[in-house]
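Q:
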Amino acid sequence: MTTSPAAIHVGDHVREALAAGRPVLAMESTIFTHGLPRPRNLEVALAAEEQVRAAGVTPATIGVVAGRPVVGMTAEEIERLGNDDDVIKASVRELPVARATGASAGTTIAATTYLAHAVGIHVFSTGGLGGVHHGAASSFDESADLVVLSQVPIVLVSSGAKAILDIPATLERFETLSVPVVGYRTLRYPGFYVHDSGYPLSQQVDSPEQVATIYQASRDLGLSSSVLVGNPIPEADSLDTGVLDEVIERAWASADEQGIRGQATTPFLLDFIQRETGGASLDANVALYRNNVALGCEIATALAGRPG
Ligand code: PSU
Ligand code: MN
Numbered sequence: 009m010t011t012s013p014a015a016i017h018v019g020d021h022v023r024e025a026l027a028a029g030r031p032v033l034a035m036e037s038t039i040f041t042h043g044l045p046r047p048r049n050l051e052v053a054l055a056a057e058e059q060v061r062a063a064g065v066t067p068a069t070i071g072v073v074a075g076r077p078v079v080g081m082t083a084e085e086i087e088r089l090g091n092d093d094d095v096i097k098a099s100v101r102e103l104p105v106a107r108a109t110g111a112s113a114g115t116t117i118a119a120t121t122y123l124a125h126a127v128g129i130h131v132f133s134t135g136g137l138g139g140v141h142h143g144a145a146s147s148f149d150e151s152a153d154l155v156v157l158s159q160v161p162i163v164l165v166s167s168g169a170k171a172i173l174d175i176p177a178t179l180e181r182f183e184t185l186s187v188p189v190v191g192y193r194t195l196r197y198p199g200f201y202v203h204d205s206g207y208p209l210s211q212q213v214d215s216p217e218q219v220a221t222i223y224q225a226s227r228d229l230g231l232s233s234s235v236l237v238g239n240p241i242p243e244a245d246s247l248d249t250g251v252l253d254e255v256i257e258r259a260w261a262s263a264d265e266q267g268i269r270g271q272a273t274t275p276f277l278l279d280f281i282q283r284e285t286g287g288a289s290l291d292a293n294v295a296l297y298r299n300n301v302a303l304g305c306e307i308a309t310a311l312a313g314r315p316g
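Quick note on our numbering: the sequence shown kicks off at 9 and runs consecutively.
#1: Any heavy atom of ligand 2 within a distance shorter than 7 Å of the CB on glutamine 271?
#2: Report the partner residues of tyrosine 192 according to the DSSP bridge assignment.
#3: Looking at C-beta atoms only, is the number of pairs between the region 111-129 and the region 79-96 that lie closer than 8 Å three or more?
#4: For a test of the three-state rule: what should DSSP assign to valine 165, helix, strand or coil?
#5: When you compare each of Ile70, Val219, Leu103 to phenylalanine 40 by their alpha carbons, which one comes out closest?
#6: Suppose the cutoff is 6 Å on Cβ atoms and the five residues either side in sequence are ignored; what does the same chain contact list for glutamine 282 look like?
#7: Should threonine 115 be labelled buried (16 or more other beta-carbon atoms within 10 Å of its own) or exposed?
#8: Just the C-alpha distance for threonine 285 and glycine 230, rounded to the nearest angstrom, thanks.
#9: With 16 as the cutoff for other CB atoms within 10 Å, does valine 105 come out buried or exposed?
#10: What number of angstroms, rounded off, separates the C-alpha of histidine 21 from the C-alpha of serine 147?
#11: Cβ-heavy atom distance between glutamate 36 and ligand 1 below 7 Å?
#12: State the start and end residues of the unbroken alpha helix (DSSP H) segment that holds leucine 179.
#13: How many angstroms separate the CA atom of aspartate 248 from the CA atom of arginine 101?
#14: What three-state label does DSSP hand valine 294 in the structure shown?
#15: Report yes or no: do the region 169-179 and the region 303-315 share at least 3 C-beta pairs separated by less than 8 Å?
#16: Starting from serine 133, trace the beta strand (DSSP E) both ways and give me its first and last residue.
#17: So for glutamate 150, helix, strand or coil by DSSP?
#18: Could you give the DSSP three-state label for glycine 287: helix, strand or coil?
#19: Measuring alpha carbon to alpha carbon, tell me which of Leu123, Gly135, Gly143, Ser167 ends up nearest proline 161.
#20: If you count every other CB in all the chains shown that lies within 10 Å of the CB of threonine 66, and 16 or more means buried, which is it?
#21: Relative to the alpha-carbon of serine 205, which residue among Gly267, Gly250, Val60, Ala34 has its alpha-carbon at the smallest distance?
#22: Run the proximity test for isoleucine 307: is its beta-carbon closer than 7 Å to any non-hydrogen atom belonging to ligand 1?
#23: By the three-class DSSP mapping on this structure, what secondary structure does proline 67 have?
#24: Going by other Cβ atoms of all chains shown within 10 Å of its Cβ, with 16 needed for buried, is histidine 142 buried or exposed?
#25: Using the three-state DSSP reduction, which class does arginine 107 fall into: helix, strand or coil?
#26: Can you tell me the Cα-Cα spacing of isoleucine 307 and isoleucine 172, whole angstroms?
#27: Looking only at its chain, what residues have a beta carbon closer than 6 Å to the beta carbon of glycine 90, apart from the 5 residues adjacent to it on each side?
Listed below in structure tokens is the structure:
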């Protein structure tokens, strides 16, 4: 078993499951501290935990509670973070600062991946990935998610990079960073709120077992990168592409106008889109997240059943 760094607290339920070799699914907290509006944020986070348990998998929601990174938060800790007005957004670089200052934080995909791997978890489900922002050639705004996923191995299930990003540039970066991206039952890269981002993938997988095999092969080869699984939003929950493109354009114009930069960009854009689509993007976000949690449970179960 992996011995985790002393500064990381592992919840009892997660510790027991890992010791027994039972499947565990990691989930991030930025999605409910900064991604979703209250009170829906907590409903979604707690429902996801329930969904994972019902699938026979142990949920490990990950976040920073009063400076301490916690892998496997309790419902009380999740509620505390989801209602905290001072909660910060922590990527990997904010973890030491949060620890030193005692701040609470929602962990991004990058930070959640780091913490999950550090304690021996192999599968992580989220909504949408960070990536390359439009205009990154001059702003250099590219999510740390990209870099960390090239350095830390996990199976990450998402519905593609968020619609607000420069998708082809993001896919190019994953190639450069040597991070494999496979489509779940599709050869198209999913577009978060929509089924198809408009860009192709070179590899399709059709079962949780196949994902487990690719991840195991990557580990056997001694590679340190993650395996990204692009799981498209169910067709019935997908938004209309035309409407979405127009809203995203206005979201960017508004961000520019208000001088929104850096870490605040993603939450600002998501919030703008939620308001302008009358909550439709929020429903889509919740639906795709549920779908990714379901697939993550199947992959975690497939991996836990393997030797080694
Ligand atoms: N996808 C969502 N909602 C979110 C995020 C992704 O549907 O809130 C978060 C994730 O935690 C991701 C982060 O890691 O946004 C990326 O932020 P940035 O672009 O600042 O790296
Ligand atoms: Mn950024």
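Don't be surprised by glycine CBs; every beta carbon is placed ideally from N, CA and C.
A: Reading off the structure:
#1: yes
#2: Val213
#3: yes
#4: strand
#5: Ile70
#6: Ser289, Leu290
#7: buried
#8: 45 Å
#9: exposed
#10: 43 Å
#11: yes
#12: 175-184
#13: 36 Å
#14: helix
#15: no
#16: 131-133
#17: strand
#18: coil
#19: Leu123
#20: buried
#21: Gly250
#22: no
#23: strand
#24: exposed
#25: helix
#26: 28 Å
#27: Phe40, Asn49, Leu50
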